[in-house]
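Have a look at the structure below before the remarks.
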Amino acid sequence: MHADEAEIDETLVLRLIAAQFPQWAGLPVTEIPSSGTVNAMYRLGDSLTVRLPRIAGGVADIAAEWEWLPRLADVLPVEIPAPVGRGEPGEGYPWIWSVQRWIPGAVPATGDEVLAADLASFVQAFRRVDFAGGPAAHRGGPLITEDAETRDALEKLKGWIDIDTATAAWESALAAAPASSDSWVHGDLMPSNLLVRDGRLAAVLDFATAGMGDPACDLIPAWNLLTGSARAVFREALAVDDDAWNRGRGRALSMALIQLPYYRDTNKGIAANAQYVIDEVLADFGSVPRPQLRIERVDSEALMRDWQLVHNEIIPTDPLSLDDVRERVGRNVLEVAYSGEALVGCSTVRPPSAETSAATVIARILPAYRRQGFGEELYRRGLARAQALGSGVETIVLASNVEGLAFAESHGFVEFERYVLPGDTIPFITLRLADQPS
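In terms of the numbering used here, the sequence shown opens at residue 170 and continues consecutively.
This is how it looks when you write it as C-alpha cells:
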C-alpha cells in the first residue's frame, strides 16, 4: 500500500515474541485480515494481539497509546485496547511495537438506531474527558488545513464522481463557523475500528489519531456507517448544530476523497468505503438524491418470478425453475429490489444448517443498475439479517464482480474458497466475516 512499508509476516512476529516475550513464545500467530493501512495486526494465542507499524509515521502512535489508553479505559463506556507488552526494535524490524489484549466482536455491517445511540454515548463520554496535556488530534485542526490535499484529490477524481457537488459540499464545510472550543476526540471512527456484540457497541479500536481537536471530527460515523433514521438519532443524541454537522460532513468527505484515488488499486476495502462515504455525503448535502430502493420479501408468485429472472440473468449456467425458487422460499429469506417499478436485483439469506454454522448472504444486481448504490443497500440489509441468524456470516461473490468483492473486503470478509460451476469459466468466491478487524 505504501512505498516505504516494512516487511512484516508471521515468521517475523514469532521471532520478535520469542526474543522479547518468552512467556508467550510458542503461542500460535495468525495475521488478522485488515483494511487498515498504518499497522499490521496479528492474533497471538487466544487472548492477545500484536500491533506493528507498517510505516515510520505509525511509530509515535504506539508510544501515545501506551501513555493514554490505560487512562482512557477508566472513563469510556466500552472496551478499548489494553497494551500489555511494549516491543522494541529487533530481528530486522526497525521500530517499537505493542502487544494488546484481544477484544472479541464483529465489525458492524450496518448501523441501526440502537448502534447510533451507543456511538453517541461513546462520543459524549470522550468529549467529557478532562485530562490535561493531551496531544493534538491528528485530524482535529481547522478544515482549511486539509484544503490543498482535498482539492488535489478532487482533480484526480474528475470523471469518477460528481465533482461540482463534491466541491460545493466541501466549500460549504469550509464556510461553517468553527468550534467554540476543542475537546478530546477519537478522530477515526470508521466501521473497521468498531466492534459489536449482540447488536450493541462493545469496543472501539485504534486510538492513533486521538487527542484534542474539533468535536465535529467524531461525527463521521453519520456518513460511513449510519443512514436514514439512525443518522438522525445520532445527530439528535449529540445535539449537533448546523455548523458542526457541516464541519463533520466536510471532514468525512475530505477523508474519503483523499483515500479513493490513493487506495483504489492497493486496498479495495478502503476504496469501497471511501466511495460509499462520498455517495452518502453528497446525498446528505442535498444536491444529489440517492436512489431509493423498494425491497420486498418474496411471498407471492409474481415476486418469485422476479427473483427468478434476476438469478437466471446473472447466473445463466445454473438457471432455476419456478419450483426451485419455491423450494428456496421455504428455507431461506429471499427478497427482490425495485427502483420505482423497475426490477433492480435480488438477495438471499440462508440460515445456518447442519453443514455450516454460518449464515450466508448473497446480493445480485442487474447490470443496468450497478454502480448506483443499490448493491450496497441490499448487502447491508442482508448482512444485518445474517448476523442475527448465525454465529458466523459468509457471502458468495462472482470473481468478476469487483464492486461486490470490494464491499465484502471493506466489511471484514476474507476469502475462504473458490469454485467454478459446470459450464462456466468465472469462479465464485466464498468469503467469511473475520472475527475482528485491525
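Think of the CB as a built atom: it goes at the ideal place given N, C-alpha and C, for glycine as much as any other residue.
The structure presented is a predicted model; accordingly, all values stated were derived computationally and were not measured.
Using only the alpha-carbon positions, how far apart do residue i and residue j sit?
i	j	result
Trp476	Ala537	16 Å
Phe190	Glu179	15 Å
Ile484	Ile595	11 Å
Val457	Thr334	The pLDDT assigned to Val457 is 48, lower than 50, so where the model puts this residue is not dependable; a value taken from the coordinates is nonetheless given after this. Cα-Cα distance, rounded: 8 Å.
Lys325	Pro430	7 Å
Pro390	Arg296	16 Å
Tyr588	Thr529	16 Å
Leu238	Ala443	28 Å
Asp493	Met473	10 Å
Asn570	Ala401	33 Å
Asp468	Ile531	18 Å
Val439	Ala322	A small correction: the amino acid at residue 439 is Ile; Val does not occupy that position in the sequence shown. Using only the alpha carbons, I get a separation of about 15 Å.
Val446	Leu547	16 Å
Asp367	Trp271	18 Å
Ala225	Ile265	10 Å
Glu154	Lys437	A query on residue 154 cannot be resolved here, the shown segment of the chain reaching from 170 to 607 and no further.
Gly195	Leu181	13 Å
Trp235	Pro252	6 Å
Ile332	Phe585	38 Å
Ala385	Ala305	14 Å
Ser352	Arg463	41 Å
Leu388	Asn208	24 Å
Glu282	Leu213	34 Å
Val244	Glu470	56 Å
Pro258	Arg223	13 Å
Glu339	Glu260	Residue identity differs from the one stated: residue 339 is Trp in this sequence, not Glu. Near 46 Å, if we compare the C-alpha coordinates of Glu260 and Trp339.
Glu174	Tyr432	15 Å
Ile177	Leu491	52 Å
Ile186	Trp193	7 Å
Ala568	Pro591	15 Å
For residue i, does the three-state DSSP call read helix, strand or coil?
i	result
Gly328	coil
Thr517	strand
Glu176	coil
Val589	coil
Asn570	coil
Leu221	strand
Leu552	helix
Ala377	coil
Val198	strand
Leu181	helix
Arg212	strand
Leu547	helix
Phe576	helix
Asp493	helix
Pro191	helix
Arg474	helix
Arg539	coil
Ile483	helix
Val498	helix
Ile595	coil
Name the one or two DSSP bridge partners that residue i has.
i	result
Glu563	Thr529, Arg601
Glu465	Val505
Glu524	Beta-bridge pairing links Glu524 to no other residue.
Ile534	Gly514
Phe582	Leu602
Among the options, whose alpha-carbon lies nearest the alpha-carbon of residue i?
i	options	result
Asp448	Trp392, Ala346, Leu343	Trp392
Val228	Arg433, Ser267, Ile598	Ser267
Pro311	Ala406, Arg220, Ser423, Tyr211	Ser423
Gly256	Pro239, Gly544, Arg220	Arg220
Ala286	Glu236, Asp316, Gly254, Ala371	Ala371
Leu183	Glu524, Gln192, Pro197, Ala175	Pro197
Gly254	Leu245, Ala275, Ser216, Val247	Ser216
Asp593	Gly551, Arg601, Thr486	Thr486
Leu288	Leu363, Tyr507, Pro591, Val562	Leu363
Glu248	Ser352, Ala345, Ala294, Pro520	Ala294
Val583	Val562, Ser349, Arg533	Val562
Pro360	Ile427, Ala523, Gly280	Gly280
Pro521	Val409, Asp299, Val502, Ser352	Val502
Thr517	Gly509, Glu465, Ala232	Glu465
Pro250	Leu358, Arg223, Leu374, Gly274	Leu374
Asn481	Ile534, Gly309, Gly417	Ile534
Ala346	Val505, Ala242, Arg416, Phe543	Arg416
Met337	Ile565, Arg418, Pro202, Trp193	The amino acid occupying residue 337 in the given sequence is Ala; Met does not appear at that position. Checking every option, the nearest Cα to that of Ala337 belongs to Arg418.
Arg500	Val513, Glu545, Gly356, Arg519	Arg519
Ala441	Gly509, Gly544, Asp383	Gly544
3 or more residues per run - each beta strand (DSSP E) lying fully within the stretch 382-461: Within the stretch 382-461, there are no complete beta strand (DSSP E) runs of at least 3 residues.
Ranges of the alpha helix (DSSP H) found wholly within the stretch 312-373, counting only runs of at least 4: If we require 4 residues or more, the alpha helix (DSSP H) runs fully inside the stretch 312-373 come out as 316-325, 332-344.
Every unbroken beta strand (DSSP E) inside the stretch 223-309 [3 residues or more]: The beta strand (DSSP E) runs lying completely inside the stretch 223-309 and spanning 3 residues or more are 252-256, 266-270, given in chain order.
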